[in-house]
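Everything on this sheet refers to the single structure shown next.
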Amino acid sequence: MMTFILFIVIFGVVVIAHEFGHFLLAKANGIHVVEFAVGMGPTLWSVPKNGTKYSLKLFPIGGACMFEGEDGLLTKEGEESEGSFLKASVWSRISTVLAGPVFNFILAFAIALIMVNMTGIIAIRDPVASKVAEGGGAQAAGLMDGDRILSINGEKVRLFSEIPLYMQTSYTGGDLEVVYERDGNAYTAVITPQQDATTGIYLLGISNDAFLQPKGVETFKYAWYEMRYSVKATYKSLGMIFRGRVSRQDIAGPVGIAVNVVGKTYDEAKEYGWQSVLLSMLNITLMLSVNLGILNLLPVPALDGGRLVFLLLEVIRGKPVPPEKEGMIHFVGLMFFMVLMVVIFFNDLSNIFMK
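Be aware that the sequence shown starts at 15, since it is given in this note's numbering, and climbs by one per residue.
Below you can see the structure in the form of C-alpha cells.
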C-alpha cells in the first residue's frame, strides 16, 4: 500500500507540473483551456471554474491540458472563440506547448536544490580519484591518488557519478582520453579500461570517497550538476535503447516503476529512517520529471515535440498545416502510444512475476 501511495504522489507531482506549465502559458497567452485533467480514463470528479473543467480521472497515470481548437477537435459552443488555440500567434502556441517540458526541468532543479541542501544526508561526490587501484588502467596511465577527473573523451565531468555513467552508457571499447587536474595543472592521459571479472563492467581503476557539503550559492551550482546528471542519464539511456543495447528486462512502465523502483527503493531506504526515504523518493521524482521532459520533446506525433515540429513548419512556411491533417497525424501517434502502453504493461508484469 505504501508503494502505491508513494508512486501516486510522485507520478502525480511530475504530471501536474508538466500540465501546469501548459496551463499557465495558455492562460498568459489568452488561450482557452477547456479541461485540466489529472489521470486518464473515466472522470471521477470534476468542477467547472472560469470556463475550464478541472477533473480527476480514474487511472492515476498521465494527465491532460486540453485547449479549445486543438487538433481541430475541441470547440466552444460549436464555434471557435477568440481564445481558440488556432487563433493565437504561432509564438504563443510554441511557448504554450514548450512550457510543459520546461516546467518538468524547473521541478527537477527545485528538487535537486532541496536534495543538495539536505546537508549530512545526501552524498555528493567530487570527481576525485581518492584511491587509484593497483594494476588498473588509471595507474598504468600515470594517475595518482588525489587527481581530479575533468573530462573523459571530451565530455566534462562534474560529479564522480558521471564516470560510471559514461562507462556504462557510452564506452564501446578501446582507449579513453582522460583530462585530469593535479596541483592546479591540467594533464591528459590515455587510459585502457579493464573489465571486472565478476560484473563484466569496464572500470578506469579509481575509487572515490571525496564527499562534499555545499553551502550558500554553491548549492545552486551542485543542484544544477545533479539535474545535469539526470538529463545525461536519460538521453544516454534513450541512445542505448535506439542502438539495441537495452534488453526487455531493462525497460519499465508505470507498473514496473512502482514495484521495481519505488517499492524496492522504499524497502531499502526505510531501514535508515524517514530522511533516507524522503531523499530516495525525491531522487526518483527528479529522474521521472527529467524523463518526462525529455521524452515529450521527442519529435513524435502526439507528444509536445511532435506538435512543436508542426509549429516550426508553420514559422518556416508562413502558414499552418491544416488542423484536420495535423489532428489526424497526432491521433495516429496517440493510438501508437496506447498500443505501446499495453505492451509495456505486459512487459512490466512479465518482469515482476517471471523472474
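Built from N, CA and C at the ideal position, the CB exists for glycine as well. Bear in mind the structure is a predicted one, so any value in this text is a computation, not a measurement.
Anticipated Cβ contact below 8 Å, residue i with residue j, distance rounded
i: residue 196; j: residue 161; result: 5 Å
i: residue 211; j: residue 121; result: No, residue 211 and residue 121 are not in contact; Cβ-Cβ is about 42 Å, not under 8 Å.
i: residue 347; j: residue 320; result: 6 Å
i: residue 175; j: residue 223; result: Incorrect: roughly 13 Å between the Cβ atoms, too far for contact.
i: residue 111; j: residue 318; result: 5 Å
i: residue 244; j: residue 300; result: 6 Å
i: residue 228; j: residue 142; result: Going by Cβ atoms, the distance from residue 228 to residue 142 rounds to 15 Å, so no, they are not a contact pair.
Reference residue i; option with closest CA among the options
i: residue 218; options: 279, 182, 75; result: 182
i: residue 209; options: 188, 108, 228, 203; result: 188
i: residue 199; options: 179, 163, 315; result: 163
i: residue 248; options: 298, 201, 232; result: 298
i: residue 221; options: 238, 158, 146, 241; result: 146
i: residue 186; options: 215, 131, 96; result: 215
i: residue 96; options: 231, 46, 290; result: 46
i: residue 39; options: 228, 114, 284, 242; result: 114
i: residue 322; options: 344, 301, 61; result: 344
i: residue 378; options: 236, 224, 253, 300; result: Lying before the first or after the last residue shown, residue 378 is absent from the chain, which here runs from 15 to 369.
i: residue 25; options: 275, 230, 236, 172; result: 275
i: residue 100; options: 62, 357, 238, 336; result: 336
i: residue 255; options: 288, 98, 184; result: 184
i: residue 128; options: 364, 238, 287; result: 238
i: residue 57; options: 71, 157, 213; result: 71
i: residue 315; options: 290, 190, 350; result: 350
i: residue 234; options: 194, 132, 123, 284; result: 123
i: residue 102; options: 41, 64, 158; result: 41
Own chain, CB closer than 7 Å to residue i, minus 5 neighbours either side, in chain order
i: residue 22; result: 74
i: residue 50; result: 33, 37, 66, 68, 79
i: residue 169; result: 180
i: residue 360; result: none
Beta-carbon proximity list for residue i, same chain, < 8 Å, skipping 5 on both sides
i: residue 76; result: 29, 53, 54
i: residue 118; result: 28, 31, 32, 35, 303, 304, 306, 307, 310
i: residue 151; result: 205, 206, 207, 208, 217, 218, 219
i: residue 326; result: 108
i: residue 279; result: 294, 295, 298
Sequence-distant residues of the same chain with beta carbon closer than 6 Å to residue i, five excluded per side
i: residue 106; result: 43
i: residue 16; result: none
i: residue 226; result: 138, 140
i: residue 192; result: 166, 203, 205
i: residue 277; result: 17
i: residue 90; result: Any reading at residue 90 must be qualified, since the residue scores a pLDDT of 47, below 50, and its modelled position is unreliable; no value is offered.
i: residue 240; result: 126
i: residue 334; result: 328
i: residue 60; result: 67, 69
Enclosing alpha helix (DSSP H) for residue i [first to last residue]
i: residue 283; result: 278-283
i: residue 84; result: Per DSSP, residue 84 belongs to no alpha helix (DSSP H) and is neither H nor E.
i: residue 16; result: 16-42
Bounding residues of the beta strand (DSSP E) (the contiguous stretch that carries residue i)
i: residue 80; result: 66-81
i: residue 48; result: 47-63
Residue i beta carbon near the ligand SAH (any heavy atom closer than 7 Å)
i: residue 152; result: With respect to small molecules bound, the structure shown includes none, and the ligand SAH cannot be examined in it.
#### Entry: Contiguous alpha helix (DSSP H) assignments of at least 4 residues, all confined to the region 166-247
176-183
#### Entry: Runs of alpha helix (DSSP H) wholly within the region 97-163 (minimum 4 residues, chain order)
104-130, 151-154
### Task
Any chance you could list the beta strand (DSSP E) runs of at least 3 consecutive residues sitting entirely within the region 280-355, in chain order?
none
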